[in-house]
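Under the numbering used here, read the sequence shown as residues 22 to 228, first letter to last.
Here is the structure we will look at.
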Amino acid sequence: MKFIYSLIFALVITSQVFAGGVLFMAGGVESGGGTQISDDFSTDTSGDYTAILGTITVSGGQALGQSNAISVLYHDTTLDSPDHYSEALCTVSNNSDSSGVVTRCDGTDYYSTYFSDGSKVQLTRSGTVINTYFGSSGDFSAGTYTVKMTVTGTGATVNILIDVDDVNVMDYDDTSGSRLTSGARVGFTFRRAGENGACYIDDFEAD
């Protein structure tokens, strides 16, 4: 009887584990309730990303883009939906060097965000700036910032939210004929011109 109770308990626990979909790996994919990407770069996961521009190097628990260049990379995992978010610890190393996140990528086109001039957050569509948040001088001086971009809508309007350190700085509706209504890959971008070693990405996740 004791054996039967033990067997029943094991089956219940196993069914709960698979129902919740619980497997998590650094630099890997968590699935079950949906596809989620999470990468802390504790191992060399550069092979999990494809470059649209530039290159990626993983070193010291951080991802670095190509020196003196703009790099745009996406994770090779396709998310379940074109409605998703991309979040990472991003850096500003001076007024021209920063990193940011990428959403709604189809391998060619994408939305991305990055910092500029120590006070601005730029939103781009495939590299072309389509909206700018103008902060005060020094708002985004050299340092690290958690950046999250959420994109929703696949019809006449695509809504894009950008949060910096859990504060919303942009709520933008893209109604252009060039709006991106598909694309379920995510990633990040680097704009490295000066202090190359200080511009990196860490703790990247998406769902």
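In this text, a Cβ means the ideal position worked out from N, Cα and C, and glycines have one as well.
Treat the numbers as computed from the prediction; the structure is a model and nothing was measured.
| query | result |
| --- | --- |
| Endpoints, beta strand (DSSP E) assigned at T136 | The question names Thr, but residue 136 is Phe in the sequence shown. That run of the beta strand (DSSP E) goes Y132 to S137. |
| Residue closest to L74, alpha-carbon to alpha-carbon, out of Q83, F211 and L110 | F211 |
| Expected contact under 8 angstroms - CB spacing of D160 and S147 to nearest Å | Actually they do not touch by this definition, with Cβ atoms about 26 angstroms apart. |
| With 16 other Cβ atoms within 10 Å as the buried cut-off, status of V122 | buried |
| Three-state class that DSSP yields for A219 in the structure shown | helix |
| CB contact check: D130 to chain C, cutoff 9 angstroms | Any reference to chain C falls outside this structure, which holds one protein chain only. |
| Segment limits, beta strand (DSSP E) that includes L201 | Run containing L201: none; DSSP gives neither H nor E here. |
| Span separating the alpha-carbon of L182 from that of D101 | 19 angstroms |
| Distance between V93 and L44 (C-alpha atoms, nearest Å) | Legend: pLDDT at L44 = 34, less than 50; position of this residue unreliable, no value from coordinates given. |
| 7 angstroms CB neighbourhood of N112 in its chain, flanking five on each side removed | The identity of residue 112 in the sequence shown is Thr, whereas the question assumes Asn. Same-chain partners within the cutoff: S119, S120, T165, A219, C220 and Y221. |
| Per-residue DSSP class, three states only, for G164 | strand |
| Test item: CB-CB of I58 and S67 under 9 angstroms | no |
| Same chain, Cβ closer than 7 angstroms to Q143, neighbours up to 5 away in sequence not counted | T134, Y135, S137, V150 and T153 |
| Top-ranked residue by Cα proximity to T98, from T71, F62, V179 and A109 | T71 |
| Per-residue DSSP class, three states only, for S67 | helix |
| Residue nearest to N115 in terms of C-alpha spacing, selected from S158, T129 and S80 | S158 |
| Classification of S107 by the beta-carbon crowding that lies within 10 angstroms, buried from 16 upward | buried |
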